[in-house]
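Chemist: In order, the protein sequences belong to chains A and B. Residue numbers for the first sequence follow my numbering, so the first one is 137 and each next one is one higher. Residue numbers for the second sequence follow my numbering, so the first one is 5 and each next one is one higher. Pasting a structure below so you can have a look.
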Amino acid sequence: MPLLAFLLLLIAQILSGYGILTLLGLRLRTSYALTLSILLGIALSSFLPFLLQLCWITLTGPTIFGSLAVAALLLNIPAFLRIRREGLPAVVRSFRPGPFRFRVYEVPFFLVMAFFLFISIWRCYYLPPLSRDALSGPEAIAEFAVREHTMINSFFRVDLWSTNNPYKSPYLVSLQMIYKLAGFPFGQIWLSVVVVCFTVFLYQAVKEKVHPVLAGLLVLLLTMAPELYAYTFMILYDYSNMVFFFLSLYFLFGWFREERPTGDALFFAERIPGTYYCSVLLMGIATYIRSETLVLALFFLPLIGWRVRGKYSAGKISRYLVLFVAPSLLAYYLTVPLYLGHYIPIHYKVAGEVNAHLSNLGPLFQRYRDIVTRLFTGVFAVHLWGYILYVFAALFLAELILLRRLSKEACNWLYAIAALYIGVGFLGWLLPLMNLNETTKRSLFKLLPLIVLYLANNGWLIRLSGWISHWEQAKQPISTTDKNTPKPALARANPSARTTSSSGANSKKKKRK
Amino acid sequence: MKSVLLTALSFALILLLVNIGFYKEWFQDKPLRYWQDFLKEKDDTANIQAIRAERYGFNYTMCMRIKEVLEKKKAGHAIILFEPNSYYRDSLHMTIHVPEPAVFYYYTGLEGVWINSPDAVKANFLVRISGKGVRLDAIKTPGQRQQILDFYKKYPPIL
């Protein structure tokens with residue numbers, strides 16, 4: 137029974153996520169479209185019970201699952217209209233996925249990744265949530281919400297002096313409720329769906345830049361970061377926040393590569409590319425999950441302004457900038473001032489948590505120092521992240537010193553890494569509750585996929601990748617219609633738009649041709 | 005042939021990674037141990053409560069025992085006072101951490117209080133933990149309650 141409920145939920149999430157992608161005018165390759173649809177569907181699932189709660193609607197199985205079904209149907213109205221216009225067979229034909237292709241040398245990586253993911257899924261399914269942050273907050277609220285049909289339940293009558301965990305985003309509460317109602321006594325299995333989709337998406341994204349052997353190795357380095365791996369079966373906000381933050385930047389940098397706007401979405405009667413819309417939406421979701429992501433989003437405004445300077449007028453650039461933070465601001469308003477500040481019985485004021493000595497910059501620089509000395513280097517850092525930070529440092533320095541040239545793509549990811557370091561340190565100083573060894577450490581999860589994408593664009597790995605590909609294909613005539621050549625991530629409506637694989641191994645192959 | 009070589013390279017890289025430095029220690033201590041756990045758990049017939057007890061350990065078992073006892077006593081609206089964790093640490097030199105009220109409520113659905121909780125003055129049961137075991141004592145009079153609160157006042161509530 138839970139399996140059936142899980143599959144129905146998954147279908148609803150795929151449909152609603154796909155509906156969102158269609159509305160954004162994004163056309164992606166199957167692996168990206170499927171994983172991103174599921175992730176967007178999960179984000180929507182996490183929002184609907186919260187929305188019902190805000191409208192004081194009783195949270196029961198029928199209202200929650202009904203709202204998920206209605207959302208999936210409404211978001212697919214364009215698809216229904218298309219079926220009516222073109223007929224079902226034509227639409228089904230257009231959805232037919234391409235054959236699943238992989239090389240035999242990818243199999244070892246698939247096997248080891250499957251091993252890691254299987255263990256993670258099993259622990260999500262079989263074991264109850266353990267972390268105190270969940271038990272003294274969202275998990276307990278969800279448990280009593282299922283019994284009492286409201287998020288504003290008897291849990292808030294308990295003495296909450298010792299914990300601030302109830303005063304967090306309803307993301308976790310909503311998802312836990314849905315999966316408990318679906319028959320999973322511990323909920324949690326949504327996290328496995330997020331983990332699997334993210335891993336598949338990341339592997340595809342990295343494989344577009346470097347040889348599959350290197351792609352497998354990079355993704356394995358990320359999976360084997362001990363602390364991050366623990367959070368693939370320990371429900372909290374940070375893993376999901378990392379996923380949506382990364383995806384937002386992935387599409388933002390994808391948009392940078394486009395020569396001119398494409399897509400069908402409109403904003404103030406102006407054509408805005410679907411990739412950009414997708415990026416801002418994903419950043420909004422990341423902020424919904426962890427409200428302080430709003431501050432991190434602001435750090436990317438200078439980059440956006442810099443990258444599109446000369447392309448657009450100042451007015452248009454400012455509209456793009458406003459659009460970038462608008463969903464994040466909305467998400468912040470809904471979760472913090474409205475929900476935590478006014479809606480729940482114990483009003484939570486973030487202002488009370490802000491550092492009272494903002495003129496004293498000493499602790500800010502101390503925080504930056506502590507992040508480097510305690511979380512980035514030394515034995516504790518290896519226990520947290522494995523050796524991925526050292527691999528990053530070595531290859532970055534090698535590129536900087538020996539090659540002395542960074543690709544635009546690499547620069548984007550390096551900017552993101554620097555912005556995250558500065559932003560997380562700044563948040564730790566602004567909100568002293570964000571302690572170094574817990575909150576700041578978990579905030580740094582977001583660093584890992586950024587590092588992997590930087591490494592996928594690192595000059596030395598691109599060279600190595602090109603060398604392996606060249607050796608691999610040395611005696612084979614390179615066909616201009618080579619089906620195994622990785623295709624760009626964003627298959628756009630406008631064929632003149634530059635693709636995401638404009639650098640790296642694939643572009644080298646093209647140049648040789 | 006080249007594919008075979010690359011496949012061998014993939015295997016070699018994976019083996020190298022899981023056997024290098026800290027990864028080796030971590031891989032054996034975590035993923036491999038989790039795999040051993042899975043082999044046991046997949047055939048396990050334990051119910052939800054038993055799985056929770058196994059996962060949460062002493063605290064959960066103690067909380068559920070308190071619930072059982074109170075249900076047997078038909079205690080009505082019980083408010084259970086816990087001794088401060090600093091009392092165990094500083095006075096009894098025991099490494100015991102009783103659950104905070106939020107987690108106790110999650111486990112049992114009962115109201116637990118610490119000495120600094122607003123409802124501590126309404127507590128009608130006290131959980132005492134010592135080397136001899138756990139006891140649940142009824143608090144019968146306001147005077148007795150005040151005496152208890154005064155005694156633990158010097159031990160600040162900590163997690």
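Heads up, the beta-carbon is just placed ideally off N, CA and C, and yes, glycines get one too.
Once you ignore the five residues that flank A:Y367 on each side, which residues in its own chain have a CB closer than 8 Å to its CB?
Modeler: D374, Y375, R578 and F581
Chemist: How about A:V248: is its C-beta nearer than 9 Å to some C-beta of chain B?
Modeler: yes
Chemist: When the Cα of A:S464 is compared with those of A:G488, A:L437 and A:R443, which residue comes out closest?
Modeler: Just measuring C-alpha positions, the residue of A:G488, A:L437 and A:R443 sitting nearest A:S464 is A:L437.
Chemist: Closest by CA to A:I371, which one among A:L140, A:L151, A:S272 and A:I587?
Modeler: A:S272
Chemist: Give the range of the beta strand (DSSP E) segment to which B:S134 is assigned.
Modeler: F129 to S134
Chemist: Inspect the beta-carbon positions of A:L589 and B:L21 and report whether they are closer than 9 Å.
Modeler: no
Chemist: Please state if the CB of A:T513 and the CB of A:L525 are separated by a distance shorter than 9 Å.
Modeler: Against a cut-off of 9 Å, the Cβ pair of A:T513 and A:L525 comes out as a contact.
Chemist: Would you call the region 424-440 of chain A and the region 528-542 of chain A touching, i.e. three or more CB-CB distances under 8 Å?
Modeler: Contact check between the region 424-440 of chain A and the region 528-542 of chain A: fewer than three CB pairs, one atom from each, fall below 8 Å, which does not count as touching.
Chemist: Which stretch, first to last residue, makes up the beta strand (DSSP E) that contains B:A142?
Modeler: G137 to A142
Chemist: Residues of chain A with a CB under 7 Å from the CB of B:S90: which are they?
Modeler: The premise fails here: B:S90 is roughly 13 Å from chain A at the closest Cβ pair, so nothing lies under 7 Å.
Chemist: Find the residues of chain A that neighbour B:I55, judging by a C-beta separation of less than 8 Å, and give them in chain order.
Modeler: Y262, L263 and P264
Chemist: Give me, in chain order, the residues of the same chain whose beta-carbon lies closer than 8 Å to that of B:Y110; leave out the 5 immediate sequence neighbours on both sides.
Modeler: none
Chemist: What does A:R540 reach in chain B if we use C-beta pairs closer than 9 Å?
Modeler: Here the premise fails: no neighbours, minimum Cβ distance about 29 Å.
Chemist: Assuming A:E574 is part of the beta strand (DSSP E), what are its boundary residues?
Modeler: Where A:E574 is concerned, there is no enclosing beta strand (DSSP E), given that its DSSP letter is neither H nor E.
Chemist: Would you say A:L459 and A:V486 are within 9 Å of each other, going by their C-beta atoms?
Modeler: no
Chemist: Any idea what DSSP makes of B:F86, helix, strand or coil?
Modeler: strand
Chemist: Exposed or buried, A:K316, counting other C-beta atoms within 10 Å across all chains shown (16 or more means buried)?
Modeler: buried
Chemist: Would you say A:L567 and A:E363 are within 9 Å of each other, going by their C-beta atoms?
Modeler: No, these two residues do not count as a Cβ contact at 9 Å.
Chemist: Taking only beta-carbon positions, decide if A:D506 is within less than 9 Å of chain B.
Modeler: no
Chemist: Kindly indicate if chain B contains any beta-carbon less than 9 Å away from that of A:N571.
Modeler: no
Chemist: In this structure, how does DSSP classify A:G155 when only helix, strand and coil are distinguished?
Modeler: Helix, per DSSP.
Chemist: Would you mind reading off the limits of the beta strand (DSSP E) that contains A:V588?
Modeler: Per DSSP, A:V588 belongs to no beta strand (DSSP E); it is in the alpha helix (DSSP H), L583 to A592.
Chemist: Hey, how far is the Cα of A:W607 from the Cα of B:M5?
Modeler: 12 Å
Chemist: So which of B:L153, B:Q148 and B:R69 has the shortest CA-CA distance to B:W118?
Modeler: B:L153
Chemist: Of all the alpha helix (DSSP H) runs that stay within the bounds of the region 345-392 of chain A, which reach a length of 4 or more residues?
Modeler: 348-359 and 362-366
Chemist: Mind the definition here: the region 252-259 of chain A touches the region 192-210 of chain A only if three or more C-beta pairs lie below 8 Å; say whether that holds.
Modeler: No, because fewer than three Cβ pairs between the region 252-259 of chain A and the region 192-210 of chain A fall closer than 8 Å, the two stretches do not touch.
Chemist: Does the CB of A:A276 have a neighbour CB from chain B at under 9 Å?
Modeler: Yes, because at least one Cβ of chain B sits closer than 9 Å to the Cβ of A:A276.
Chemist: So is B:D166 in contact with chain A if we call contact Cβ pairs under 9 Å?
Modeler: No answer is possible for residue 166 of chain B: it lies beyond the span of chain B, which begins at 5 and ends at 163.
Chemist: Quick one: Cα of B:P122 to Cα of A:A276, how far?
Modeler: 21 Å
Chemist: With a threshold of 16 other CB atoms inside 10 Å of the CB of A:T299, please say whether the residue is buried or exposed.
Modeler: buried
Chemist: Give the range of the alpha helix (DSSP H) segment to which A:V472 is assigned.
Modeler: Run containing A:V472: none; DSSP gives neither H nor E here.
Chemist: Assuming B:E115 is part of the beta strand (DSSP E), what are its boundary residues?
Modeler: E115 to V117
Chemist: Would you mind stating whether A:F322 and A:P265 have Cβ atoms separated by less than 9 Å?
Modeler: yes
Chemist: Excluding the 5 residues flanking A:V490 on each side, which residues of the same chain have their C-beta closer than 8 Å to its C-beta?
Modeler: L566 and L567
Chemist: Can you pull the DSSP bridge partners for A:Y424?
Modeler: Paired residues: none, contrary to the question.
Chemist: Using a Cβ-Cβ cut-off of 7 Å (strictly less than) and excluding sequence neighbours within five positions of A:F246, which residues of its own chain qualify?
Modeler: There are no such residues.
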